[in-house]
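Asks: Here this note's numbering is used: the first residue of the sequence shown is 38, the next is one more, and so on. By construction, the Cβ of each residue, glycine as well, lies at the ideal position given by its N, Cα and C atoms. For clarity, every value in this text was computed on a predicted model and none was experimentally measured. Please see the structure below; I have some questions.
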Amino acid sequence: LAEQGRCCDLGALGEQGGAPHWEKSLGTYIGCFSDDGHERTLIGAVFYDLRKMTVSHCHDACAEQTATYRGCFQLPENITHAFPSSLIQANVTVETCSGFCSQKEFPLAILRGWECYCAYPTPQFNLRDAMDSSLCGHDPEAQRLAEYCEVYQTPVQDTRCTDRRFLPNKSKVFVALSSFPGAGNTWARHLIEHATGFYTGSYYFDGTLYNKGFKGEKDHWRSRRTICVKTHESGRREIEMFDSAILLIRNPYRSLVAEFNRKCAGHLGYAADRNWKSKEWPDFVNSYASWWSSHVLDWLKYGKRLLVVHYEELRRSLVPTLREMVAFLNVSVSEERLLCVENNKEGSFRRRGRRSHDPEPFTPEMKDLINGYIRTVDQALRDHNWTGLPREYVPR
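See the structure below:
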(Lines of atoms letter the chains of each structure in order from A and count residues from 1; the text may use other names and numbers.)
(Lines give C-alpha, C1' and ligand atoms only; values in the text may rest on other atoms or scores of the structure.)
Protein backbone atom coordinates (compact mmCIF):
# COMPACT_ATOMS: atom_id res chain seq x y z
CA LEU A 1 0.00 0.00 0.00
CA ALA A 2 1.60 3.25 -1.10
CA GLU A 3 0.25 6.57 0.10
CA GLN A 4 1.80 10.00 0.52
CA GLY A 5 5.21 9.43 2.06
CA ARG A 6 4.35 5.98 3.40
CA CYS A 7 4.47 2.34 2.34
CA CYS A 8 2.50 -0.36 4.20
CA ASP A 9 3.34 -3.99 3.40
CA LEU A 10 0.11 -5.71 2.35
CA GLY A 11 1.86 -8.76 0.94
CA ALA A 12 0.17 -8.35 -2.44
CA LEU A 13 3.18 -8.42 -4.71
CA GLY A 14 2.54 -10.33 -7.89
CA GLU A 15 1.65 -9.72 -11.51
CA GLN A 16 0.19 -6.55 -12.92
CA GLY A 17 -3.35 -5.80 -11.77
CA GLY A 18 -6.11 -3.38 -12.66
CA ALA A 19 -4.54 -0.06 -11.73
CA PRO A 20 -3.33 1.57 -14.97
CA HIS A 21 -0.69 3.72 -13.24
CA TRP A 22 1.17 0.74 -11.74
CA GLU A 23 4.32 -0.35 -13.51
CA LYS A 24 4.38 -3.84 -14.95
CA SER A 25 5.16 -6.65 -12.48
CA LEU A 26 5.11 -4.35 -9.46
CA GLY A 27 2.03 -5.95 -7.92
CA THR A 28 -1.68 -6.64 -8.10
CA TYR A 29 -3.89 -3.64 -7.39
CA ILE A 30 -6.33 -4.52 -4.58
CA GLY A 31 -8.07 -1.22 -3.94
CA CYS A 32 -8.11 1.89 -1.76
CA PHE A 33 -8.36 1.42 2.01
CA SER A 34 -8.59 3.75 4.99
CA ASP A 35 -5.50 3.70 7.18
CA ASP A 36 -5.11 4.63 10.82
CA GLY A 37 -1.78 4.53 12.63
CA HIS A 38 -3.47 2.99 15.68
CA GLU A 39 -5.65 0.47 13.83
CA ARG A 40 -4.30 -0.48 10.42
CA THR A 41 -6.33 -2.17 7.70
CA LEU A 42 -3.63 -4.81 7.38
CA ILE A 43 -0.79 -5.25 9.84
CA GLY A 44 2.75 -5.36 8.48
CA ALA A 45 5.94 -3.38 8.21
CA VAL A 46 5.73 0.34 7.50
CA PHE A 47 8.37 2.29 5.57
CA TYR A 48 8.55 6.05 5.17
CA ASP A 49 9.87 8.29 2.42
CA LEU A 50 9.11 11.88 3.34
CA ARG A 51 9.85 13.10 -0.17
CA LYS A 52 7.50 10.89 -2.16
CA MET A 53 6.53 7.26 -1.75
CA THR A 54 6.02 5.59 -5.11
CA VAL A 55 4.71 2.17 -6.07
CA SER A 56 8.21 1.23 -7.22
CA HIS A 57 9.81 2.28 -3.91
CA CYS A 58 7.08 0.51 -1.95
CA HIS A 59 7.54 -2.69 -3.96
CA ASP A 60 11.31 -2.66 -3.42
CA ALA A 61 10.90 -2.13 0.32
CA CYS A 62 8.28 -4.85 0.74
CA ALA A 63 10.19 -7.30 -1.45
CA GLU A 64 13.08 -7.18 1.02
CA GLN A 65 11.01 -8.52 3.93
CA THR A 66 13.33 -11.38 4.81
CA ALA A 67 15.65 -12.05 7.72
CA THR A 68 19.35 -12.11 6.86
CA TYR A 69 21.61 -14.55 8.71
CA ARG A 70 24.42 -12.67 10.48
CA GLY A 71 26.13 -15.65 12.09
CA CYS A 72 26.59 -17.69 15.25
CA PHE A 73 27.71 -15.68 18.29
CA GLN A 74 28.53 -16.24 21.93
CA LEU A 75 25.81 -15.03 24.28
CA PRO A 76 26.60 -11.93 26.35
CA GLU A 77 26.96 -12.37 30.11
CA ASN A 78 23.79 -10.46 30.97
CA ILE A 79 21.13 -11.59 28.48
CA THR A 80 18.34 -9.57 30.09
CA HIS A 81 20.34 -6.35 29.81
CA ALA A 82 21.64 -7.02 26.28
CA PHE A 83 18.34 -8.29 24.81
CA PRO A 84 15.44 -5.97 25.79
CA SER A 85 12.58 -8.10 24.41
CA SER A 86 11.98 -11.85 24.26
CA LEU A 87 9.57 -14.55 23.16
CA ILE A 88 9.65 -18.10 24.54
CA GLN A 89 7.71 -20.47 22.33
CA ALA A 90 7.96 -24.14 21.41
CA ASN A 91 9.04 -24.73 17.81
CA VAL A 92 9.89 -21.07 17.31
CA THR A 93 11.19 -20.45 13.77
CA VAL A 94 13.40 -17.83 12.19
CA GLU A 95 10.33 -16.35 10.50
CA THR A 96 8.40 -16.20 13.79
CA CYS A 97 11.29 -14.62 15.67
CA SER A 98 12.06 -12.13 12.89
CA GLY A 99 8.40 -11.15 12.63
CA PHE A 100 8.13 -10.70 16.40
CA CYS A 101 11.24 -8.52 16.54
CA SER A 102 10.17 -6.54 13.47
CA GLN A 103 6.87 -5.69 15.18
CA LYS A 104 8.84 -4.58 18.24
CA GLU A 105 11.01 -2.47 15.86
CA PHE A 106 14.33 -4.15 16.62
CA PRO A 107 16.95 -4.70 13.88
CA LEU A 108 18.25 -7.99 15.34
CA ALA A 109 16.43 -11.27 15.99
CA ILE A 110 18.35 -13.76 18.16
CA LEU A 111 17.50 -17.46 18.33
CA ARG A 112 18.62 -19.82 21.07
CA GLY A 113 16.68 -23.07 21.05
CA TRP A 114 13.05 -22.17 21.77
CA GLU A 115 14.02 -18.69 22.90
CA CYS A 116 13.71 -15.63 20.68
CA TYR A 117 15.32 -12.34 21.69
CA CYS A 118 15.27 -8.90 20.07
CA ALA A 119 18.08 -6.38 20.31
CA TYR A 120 20.27 -3.64 18.90
CA PRO A 121 24.03 -4.07 18.41
CA THR A 122 25.75 -2.79 21.57
CA PRO A 123 29.33 -2.69 22.88
CA GLN A 124 28.49 -5.89 24.80
CA PHE A 125 27.01 -7.56 21.70
CA ASN A 126 28.63 -5.97 18.65
CA LEU A 127 28.51 -8.85 16.11
CA ARG A 128 32.21 -8.65 15.28
CA ASP A 129 33.37 -12.02 16.61
CA ALA A 130 31.33 -14.65 14.81
CA MET A 131 31.86 -18.25 15.87
CA ASP A 132 31.78 -21.45 13.82
CA SER A 133 28.13 -21.96 12.79
CA SER A 134 28.27 -25.59 13.93
CA LEU A 135 28.46 -24.38 17.55
CA CYS A 136 24.89 -23.15 17.33
CA GLY A 137 23.70 -26.62 16.29
CA HIS A 138 20.19 -27.49 15.18
CA ASP A 139 18.79 -29.35 18.19
CA PRO A 140 16.69 -26.79 20.15
CA GLU A 141 17.30 -28.37 23.56
CA ALA A 142 21.06 -28.62 23.02
CA GLN A 143 21.17 -25.07 21.71
CA ARG A 144 19.17 -23.78 24.68
CA LEU A 145 21.78 -25.16 27.07
CA ALA A 146 24.69 -23.81 25.03
CA GLU A 147 26.32 -20.39 25.26
CA TYR A 148 25.76 -19.58 21.60
CA CYS A 149 22.95 -18.08 19.56
CA GLU A 150 22.00 -17.52 15.92
CA VAL A 151 21.60 -13.88 14.93
CA TYR A 152 19.44 -12.60 12.08
CA GLN A 153 19.04 -9.10 10.66
CA THR A 154 15.38 -8.11 10.50
CA PRO A 155 14.04 -5.73 7.82
CA VAL A 156 13.71 -3.01 10.48
CA GLN A 157 16.22 -0.17 10.24
CA ASP A 158 18.25 0.70 13.32
CA THR A 159 16.93 4.20 14.06
CA ARG A 160 19.55 5.22 16.62
CA CYS A 161 21.61 6.93 13.90
CA THR A 162 19.05 8.05 11.32
CA ASP A 163 18.35 11.55 12.66
CA ARG A 164 20.26 14.19 10.70
CA ARG A 165 20.16 17.98 10.53
CA PHE A 166 22.12 21.01 9.40
CA LEU A 167 24.69 22.50 11.77
CA PRO A 168 23.00 24.84 14.28
CA ASN A 169 25.76 27.42 13.75
CA LYS A 170 28.01 28.06 10.75
CA SER A 171 31.14 25.96 10.91
CA LYS A 172 34.34 27.87 11.65
CA VAL A 173 36.39 25.19 9.88
CA PHE A 174 35.55 24.57 6.22
CA VAL A 175 36.20 20.86 5.59
CA ALA A 176 36.34 19.03 2.26
CA LEU A 177 35.58 15.36 1.71
CA SER A 178 37.81 15.00 -1.31
CA SER A 179 38.19 12.02 -3.59
CA PHE A 180 38.66 10.94 -7.17
CA PRO A 181 35.31 9.93 -8.75
CA GLY A 182 34.45 6.31 -8.03
CA ALA A 183 36.40 6.24 -4.75
CA GLY A 184 33.36 5.82 -2.50
CA ASN A 185 32.62 9.47 -1.67
CA THR A 186 28.84 8.95 -1.55
CA TRP A 187 29.23 5.93 0.73
CA ALA A 188 31.61 7.88 2.99
CA ARG A 189 29.04 10.69 3.18
CA HIS A 190 26.40 8.17 4.24
CA LEU A 191 28.68 6.96 7.04
CA ILE A 192 29.64 10.47 8.18
CA GLU A 193 26.05 11.74 8.18
CA HIS A 194 24.75 8.82 10.22
CA ALA A 195 27.71 8.89 12.61
CA THR A 196 27.66 12.64 13.30
CA GLY A 197 23.96 13.39 12.82
CA PHE A 198 24.80 16.28 10.48
CA TYR A 199 24.26 16.62 6.73
CA THR A 200 27.17 16.73 4.32
CA GLY A 201 27.31 19.21 1.45
CA SER A 202 28.53 19.00 -2.12
CA TYR A 203 30.46 21.19 -4.54
CA TYR A 204 27.99 19.90 -7.14
CA PHE A 205 24.24 19.20 -7.14
CA ASP A 206 22.98 15.68 -7.75
CA GLY A 207 19.19 15.41 -7.77
CA THR A 208 19.34 11.63 -7.44
CA LEU A 209 21.31 11.89 -4.22
CA TYR A 210 19.04 14.64 -2.90
CA ASN A 211 16.02 12.40 -3.49
CA LYS A 212 17.78 9.63 -1.57
CA GLY A 213 18.08 11.79 1.52
CA PHE A 214 21.25 13.85 1.07
CA LYS A 215 19.53 17.14 1.98
CA GLY A 216 22.86 18.99 1.93
CA GLU A 217 22.93 18.61 -1.88
CA LYS A 218 20.66 21.66 -2.31
CA ASP A 219 22.50 23.82 0.21
CA HIS A 220 25.13 26.14 -1.29
CA TRP A 221 28.46 24.41 -0.92
CA ARG A 222 29.94 27.44 0.88
CA SER A 223 27.07 27.82 3.36
CA ARG A 224 29.11 26.17 6.16
CA ARG A 225 25.90 24.53 7.41
CA THR A 226 27.17 21.03 6.63
CA ILE A 227 29.79 18.96 8.44
CA CYS A 228 31.94 18.60 5.30
CA VAL A 229 31.66 19.16 1.54
CA LYS A 230 32.09 16.57 -1.19
CA THR A 231 34.49 17.55 -3.96
CA HIS A 232 36.38 15.87 -6.78
CA GLU A 233 38.20 19.09 -7.63
CA SER A 234 41.96 19.49 -7.62
CA GLY A 235 44.23 22.40 -8.37
CA ARG A 236 45.66 24.95 -5.97
CA ARG A 237 42.84 27.52 -6.04
CA GLU A 238 40.08 24.97 -5.40
CA ILE A 239 42.04 23.21 -2.64
CA GLU A 240 43.07 26.35 -0.75
CA MET A 241 39.42 27.39 -0.36
CA PHE A 242 39.15 24.69 2.33
CA ASP A 243 40.67 24.84 5.81
CA SER A 244 41.10 21.07 6.02
CA ALA A 245 40.15 17.90 4.18
CA ILE A 246 39.53 14.20 4.48
CA LEU A 247 41.31 12.78 1.44
CA LEU A 248 39.65 9.50 0.46
CA ILE A 249 41.82 7.27 -1.76
CA ARG A 250 40.77 4.04 -3.47
CA ASN A 251 42.60 1.50 -5.62
CA PRO A 252 42.59 3.10 -9.11
CA TYR A 253 41.59 -0.16 -10.77
CA ARG A 254 38.42 -0.25 -8.65
CA SER A 255 37.82 3.50 -8.89
CA LEU A 256 38.03 3.54 -12.68
CA VAL A 257 35.56 0.66 -13.01
CA ALA A 258 33.16 2.25 -10.49
CA GLU A 259 33.24 5.65 -12.19
CA PHE A 260 32.82 4.13 -15.66
CA ASN A 261 29.76 2.24 -14.37
CA ARG A 262 28.35 5.48 -12.90
CA LYS A 263 28.91 7.48 -16.09
CA CYS A 264 27.22 4.80 -18.19
CA ALA A 265 24.46 3.61 -15.84
CA GLY A 266 24.08 5.89 -12.82
CA HIS A 267 25.02 5.49 -9.16
CA LEU A 268 23.72 1.93 -8.76
CA GLY A 269 23.91 0.53 -12.29
CA TYR A 270 26.45 -1.30 -14.44
CA ALA A 271 27.81 -0.27 -17.82
CA ALA A 272 26.56 -2.44 -20.67
CA ASP A 273 28.78 -4.90 -22.49
CA ARG A 274 28.87 -2.61 -25.53
CA ASN A 275 30.35 0.19 -23.40
CA TRP A 276 33.29 -1.95 -22.30
CA LYS A 277 33.97 -3.20 -25.83
CA SER A 278 33.80 0.21 -27.47
CA LYS A 279 36.53 2.84 -27.80
CA GLU A 280 34.82 4.63 -24.91
CA TRP A 281 36.52 2.45 -22.26
CA PRO A 282 40.20 2.80 -23.35
CA ASP A 283 39.67 6.54 -23.91
CA PHE A 284 38.23 6.79 -20.42
CA VAL A 285 41.21 4.98 -18.85
CA ASN A 286 43.75 7.11 -20.72
CA SER A 287 42.05 10.29 -19.54
CA TYR A 288 41.04 9.38 -15.98
CA ALA A 289 44.06 7.37 -14.79
CA SER A 290 46.26 10.47 -14.75
CA TRP A 291 43.52 12.38 -12.92
CA TRP A 292 43.51 9.72 -10.16
CA SER A 293 47.20 10.46 -9.60
CA SER A 294 47.12 14.26 -9.95
CA HIS A 295 44.14 14.52 -7.60
CA VAL A 296 46.09 12.94 -4.72
CA LEU A 297 49.32 14.79 -5.54
CA ASP A 298 47.57 18.19 -5.60
CA TRP A 299 45.82 17.66 -2.26
CA LEU A 300 49.07 16.48 -0.66
CA LYS A 301 50.82 19.58 -1.98
CA TYR A 302 48.23 22.30 -1.32
CA GLY A 303 45.99 20.89 1.43
CA LYS A 304 46.37 22.85 4.68
CA ARG A 305 45.38 20.04 7.06
CA LEU A 306 44.69 16.52 5.86
CA LEU A 307 43.41 13.19 7.05
CA VAL A 308 44.23 10.48 4.50
CA VAL A 309 41.70 7.63 4.51
CA HIS A 310 41.98 4.56 2.31
CA TYR A 311 38.64 3.22 1.09
CA GLU A 312 39.83 -0.35 1.59
CA GLU A 313 40.73 0.32 5.24
CA LEU A 314 37.33 1.93 5.82
CA ARG A 315 35.72 -1.23 4.46
CA ARG A 316 38.00 -3.55 6.41
CA SER A 317 37.96 -1.70 9.72
CA LEU A 318 34.91 0.52 9.62
CA VAL A 319 34.34 1.62 13.22
CA PRO A 320 37.97 2.52 14.11
CA THR A 321 38.45 4.37 10.80
CA LEU A 322 35.11 6.16 11.08
CA ARG A 323 35.91 7.09 14.67
CA GLU A 324 39.11 8.73 13.40
CA MET A 325 37.16 10.59 10.71
CA VAL A 326 34.54 12.03 13.08
CA ALA A 327 37.28 13.04 15.53
CA PHE A 328 38.96 14.92 12.66
CA LEU A 329 35.60 16.65 12.11
CA ASN A 330 35.62 17.58 15.81
CA VAL A 331 32.39 15.71 16.61
CA SER A 332 31.84 13.53 19.68
CA VAL A 333 30.00 10.31 18.84
CA SER A 334 28.79 7.54 21.17
CA GLU A 335 29.86 3.94 20.65
CA GLU A 336 26.19 2.95 20.28
CA ARG A 337 25.78 5.35 17.37
CA LEU A 338 28.89 4.00 15.65
CA LEU A 339 27.54 0.46 16.07
CA CYS A 340 24.25 1.62 14.55
CA VAL A 341 26.16 2.95 11.53
CA GLU A 342 28.08 -0.31 11.26
CA ASN A 343 24.79 -2.22 11.31
CA ASN A 344 23.49 -0.10 8.42
CA LYS A 345 26.83 0.52 6.74
CA GLU A 346 25.76 -0.05 3.14
CA GLY A 347 22.75 2.26 3.10
CA SER A 348 21.26 2.41 -0.40
CA PHE A 349 24.46 3.14 -2.25
CA ARG A 350 25.99 -0.15 -3.32
CA ARG A 351 25.62 -1.74 -6.73
CA ARG A 352 23.79 -5.03 -6.53
CA GLY A 353 23.41 -7.94 -8.88
CA ARG A 354 25.75 -9.44 -11.43
CA ARG A 355 28.42 -7.37 -13.13
CA SER A 356 27.78 -7.27 -16.84
CA HIS A 357 31.42 -7.14 -17.95
CA ASP A 358 34.65 -9.09 -17.82
CA PRO A 359 36.00 -8.75 -14.25
CA GLU A 360 39.43 -7.90 -15.74
CA PRO A 361 38.79 -5.24 -18.39
CA PHE A 362 42.32 -3.80 -18.26
CA THR A 363 44.75 -4.50 -21.10
CA PRO A 364 48.51 -4.90 -20.41
CA GLU A 365 49.04 -1.37 -21.75
CA MET A 366 46.42 0.01 -19.37
CA LYS A 367 48.06 -1.81 -16.44
CA ASP A 368 51.48 -0.38 -17.28
CA LEU A 369 49.99 3.11 -17.30
CA ILE A 370 48.07 2.70 -14.02
CA ASN A 371 50.91 0.92 -12.22
CA GLY A 372 53.20 3.86 -12.93
CA TYR A 373 50.70 6.23 -11.30
CA ILE A 374 50.37 3.88 -8.31
CA ARG A 375 54.12 4.02 -7.72
CA THR A 376 54.11 7.82 -8.01
CA VAL A 377 51.27 8.28 -5.49
CA ASP A 378 52.73 5.72 -3.09
CA GLN A 379 56.04 7.58 -2.99
CA ALA A 380 54.33 10.97 -2.61
CA LEU A 381 52.37 9.73 0.42
CA ARG A 382 55.58 8.50 2.05
CA ASP A 383 57.34 11.79 1.27
CA HIS A 384 54.57 13.62 3.15
CA ASN A 385 54.93 11.28 6.16
CA TRP A 386 51.80 9.25 5.44
CA THR A 387 51.64 5.48 5.22
CA GLY A 388 52.04 4.30 1.63
CA LEU A 389 49.23 2.78 -0.39
CA PRO A 390 47.70 -0.52 0.85
CA ARG A 391 49.39 -3.70 -0.36
CA GLU A 392 46.52 -4.54 -2.70
CA TYR A 393 47.42 -1.49 -4.81
CA VAL A 394 50.83 -2.98 -5.57
CA PRO A 395 51.24 -3.25 -9.36
CA ARG A 396 49.89 -6.50 -10.73
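#1: On the CB-based measure, 16 or more other CB atoms within 10 Å of its CB, does residue 189 come out buried or exposed?
#2: Does the structure place the stretch 316-323 close enough to the stretch 352-362 that three or more beta carbon pairs sit under 8 Å?
#3: Tell whether a beta-carbon distance below 7 Å holds between residue 222 and residue 267.
#4: Grab me the residues of residue 253's own chain with a C-beta within less than 7 Å of its C-beta, minus the 5 sequence neighbours each way, in chain order.
#5: Please specify which runs of the alpha helix (DSSP H), each continuous and at least 4 residues long, are wholly inside the stretch 171-243, giving them in chain order.
#6: Going by C-alpha to C-alpha distance, which of 215, 280, 200 and 192 sits closest to residue 208?
#7: Do you know how far the Cα of residue 123 is from the Cα of residue 286?
#8: Tell me which residue opens and which closes the alpha helix (DSSP H) that residue 301 is part of.
#9: Excluding five sequence neighbours on each side, which residues of the same chain lie with their C-beta closer than 6 Å to the C-beta of residue 403?
#10: Quick check on residue 160: buried or exposed, where buried means 16 or more other Cβ atoms within 10 Å of its Cβ?
#11: Determine whether the beta carbon atoms of residue 431 and residue 198 lie at a separation below 7 Å.
#12: Is the number of C-beta pairs between the stretch 151-165 and the stretch 108-125 that are closer than 8 Å three or more?
#13: Which of the three DSSP states is assigned to residue 266 in this structure?
#14: Work out the CA separation of residue 418 and residue 339 for me, nearest whole Å.
#15: Look at the alpha carbon of residue 40 and the alpha carbon of residue 66, and state the distance between them as a whole number of angstroms.
#16: Am I right that residue 329 and residue 292 are in contact with their C-beta atoms under 8 Å? What's the rounded C-beta distance?
#17: So the beta strand (DSSP E) residue 147 belongs to, where does it begin and stop?
#18: I'd like to know whether the C-beta atoms of residue 301 and residue 312 end up nearer to each other than 7 Å.
#19: If you follow the alpha helix (DSSP H) that residue 276 is in, where does it begin and where does it stop?
#20: Suppose the cutoff is 8 Å on Cβ atoms and the five residues either side in sequence are ignored; what does the same chain contact list for residue 125 look like?
#21: DSSP has residue 156 in a bridge; who is on the other side?
#22: So residue 295 packs on residue 384, CB below 8 Å; how close in whole Å?
#23: On the DSSP bridge list, what partners appear for residue 282?
#24: The beta strand (DSSP E) that contains residue 108, what's its start and end?
#25: Using 10 angstroms around the beta-carbon of residue 195, count the other beta-carbons present and answer buried if the total reaches 16, otherwise exposed.
#26: Between the beta-carbon of residue 333 and the beta-carbon of residue 212, is there less than 7 Å?
#27: Note down, in chain order, each residue of its chain lying with its Cβ closer than 6 Å to the Cβ of residue 216, except the 5 sequence neighbours on either side.
#28: When burial is assigned at 16 or more other CB atoms within 10 Å of the CB, is residue 118 buried or exposed?
#29: Could you check if residue 69 is buried or exposed, using at least 16 other CB atoms within 10 Å of its CB as the buried criterion?
#30: On a Cα-Cα basis, can you pick out the residue from 127, 121 and 128 that is closest to residue 138?
#31: Can you check which of these residues, 249, 381 and 210, is closest to residue 158 by C-alpha distance?
#32: What residue range does the beta strand (DSSP E) around residue 125 cover?
#33: Between the alpha carbons of residue 134 and residue 225, how many angstroms are there, rounded?
#34: In three-state DSSP terms, what is residue 162?
#35: Considering only the beta carbon of each residue, do residue 282 and residue 297 sit closer than 7 Å?
#36: Compare the Cα-Cα distances from residue 193 to each of 103, 343, 229 and 169 and report the closest residue.
Replies: In brief:
#1: Counting the other CB atoms within 10 Å of its CB gives residue 189 a total of 16 or more, which places it among the buried residues.
#2: With the cut-off at 8 Å, the stretch 352-362 and the stretch 316-323 do not touch.
#3: Taking 7 Å as the Cβ cut-off, residue 222 and residue 267 qualify as a contacting pair.
#4: The beta carbon of residue 253 sits closer than 7 Å to those of 236, 237, 238, 239 and 263, all from its chain and outside the five residues before and after it, given in chain order.
#5: Counting only runs that start and end inside the stretch 171-243, the alpha helix (DSSP H) elements of at least 4 residues fall at 177-182 and 222-233.
#6: By alpha-carbon distance to residue 208, the top candidate from 215, 280, 200 and 192 is 280.
#7: It is roughly 44 Å from the alpha-carbon of residue 286 to the alpha-carbon of residue 123.
#8: From DSSP, the alpha helix (DSSP H) with residue 301 extends over 289-302.
#9: Cβ neighbours of residue 403 beyond the five flanking positions: 322.
#10: When all chains shown are included, residue 160 counts as exposed.
#11: Not a contact, by the Cβ cut-off of 7 Å.
#12: In short, these stretches touch, since the Cβ pair count reaches three.
#13: If DSSP states are grouped into helix, strand and coil, residue 266 belongs with the strands.
#14: If you draw a straight line from the Cα of residue 339 to the Cα of residue 418, it comes to about 13 Å.
#15: Confidence in residue 40 is poor, its pLDDT being 49 and thus under 50, which makes the residue's placement too unreliable to answer from.
#16: Confirmed, about 6 Å.
#17: Start and end: 145-149.
#18: The answer is yes: Cβ separation under 7 Å.
#19: Note, residue 276: alpha helix (DSSP H), 273-276.
#20: Within the same chain, Cβ atoms closer than 8 Å to the Cβ of residue 125 are found at 151, 152 and 153, the five residues on either side in sequence being excluded.
#21: Per DSSP, 145.
#22: Cβ atoms of residue 295 and residue 384 stay farther apart than 8 Å, at about 16 Å.
#23: Under DSSP, residue 282 takes part in a beta bridge, and its partners are 213 and 343.
#24: Start and end: 105-111.
#25: Buried, since its Cβ has 16 or more Cβ neighbours within 10 Å.
#26: Between residue 333 and residue 212, the gap from beta carbon to beta carbon reaches 7 Å or more.
#27: Counting only Cβ-Cβ distances below 6 Å, and skipping sequence neighbours, we find 222 and 285.
#28: With fewer than 16 other CB atoms across the displayed protein chains lying within 10 angstroms of its CB, residue 118 is exposed.
#29: Counting Cβ neighbours within 10 Å, residue 69 comes out exposed, since fewer than 16 surround it.
#30: For the options 127, 121 and 128, the alpha carbon positioned closest to that of residue 138 is the one of 121.
#31: Nearest option by C-alpha distance: 381.
#32: Per DSSP, residue 125 belongs to the beta strand (DSSP E) from 122-125.
#33: Rounded to whole angstroms, residue 134 to residue 225 spans 33 Å at the Cα level.
#34: Under the three-state reduction of DSSP, residue 162 is assigned to strand.
#35: Taking 7 Å as the Cβ cut-off, residue 282 and residue 297 do not qualify as a contacting pair.
#36: It is 103 whose Cα lies nearest to the Cα of residue 193.
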